Every structure is written in structure tokens, then in C-alpha cells.
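Numbering (the numbering used here), first residue to last: 107 to 216. Step one of this worksheet: look at the structure below.
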Amino acid sequence: MAQIGEAGPVKYFSGSDADDGAYTTALVAAVTGKKIRVLSLSITVLTTAGTVALAGSGTTWTAHLAVGFPLVQTGLGVPVYETASGVALTATNGAGVDSFINGTYQEVEP
Numbered sequence: 107m108a109q110i111g112e113a114g115p116v117k118y119f120s121g122s123d124a125d126d127g128a129y130t131t132a133l134v135a136a137v138t139g140k141k142i143r144v145l146s147l148s149i150t151v152l153t154t155a156g157t158v159a160l161a162g163s164g165t166t167w168t169a170h171l172a173v174g175f176p177l178v179q180t181g182l183g184v185p186v187y188e189t190a191s192g193v194a195l196t197a198t199n200g201a202g203v204d205s206f207i208n209g210t211y212q213e214v215e216p
């Protein structure tokens, strides 16, 4: 039986979207009975400066980015972001922003 907080192997995700608002496809699909814990993250905006946000729980993680200056975030043992149990990891672009995101994650027992 799995223990609370038990984490699976490290997996990778990537996505891009050229529309304002939510990405067309989730970065990581929902996994029944599991949280998605983001361990590292890289975001590049491709057209104009603005915001990119991650969502998947009651809180949103938001970054304000300039064109040509990618954000690289590693938690160094502390998760960058974590979804609620059974919820997909999604991204949203601010107005006029096209972005590319990739990172690593684990599926975690809630």
C-alpha cells in the first residue's frame, strides 16, 4: 500500500501555446488519486513580455517574463508547484504572450 507523500519516478513534460489564456492541452494530464509535483521548470516567452501561470489547485503560480530571458526554476529539493489530488497541471498565457514550457515532475500520493 502506498504511503502519504510517496513519490513515483521523475517524469518530463513540455508544452507550448500561441494563444492568450489557457493552453489548449494540459502540461500533465490528471492522474486519479495523485498530486503532480513540479520539481523543475523552464519557461520562455516568444513574442512579448508578460505573464505565464501554472494552475492545478486552489492557488496559481505566476511568473512575469521578458522576451529573451527564460526563467529556469529548480526547487533544489523543494517543489516548485504542486497540484491538488486528481487535477491536471495546466498553463495560461497573459495577453499577447506565446510561451514554451518544459520541466520535470513526480506523481505523489496525497
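By construction, the Cβ of each residue, glycine as well, lies at the ideal position given by its N, Cα and C atoms. Keep in mind the model is a prediction, meaning the values are calculated, not measured.
{"Check": "From this set, Val214, Gln179 and Ser122, which residue's C-alpha is nearest Leu133's C-alpha?", "Outcome": "Ser122"}
{"Check": "Roughly how many whole angstroms lie between the Cα atoms of Val173 and Val214?", "Outcome": "33 Å"}
{"Check": "According to DSSP, simplified to helix, strand and coil, what is Lys157?", "Outcome": "In the sequence under discussion, the amino acid at residue 157 is Thr, which differs from the Lys named in the question. Thr157 falls in the strand class under three-state DSSP."}
{"Check": "Under 7 Å, do Val158 and Ser191 count as touching if we go by C-beta distance?", "Outcome": "no"}
{"Check": "Does DSSP put Tyr129 in a helix, a strand or coil?", "Outcome": "coil"}
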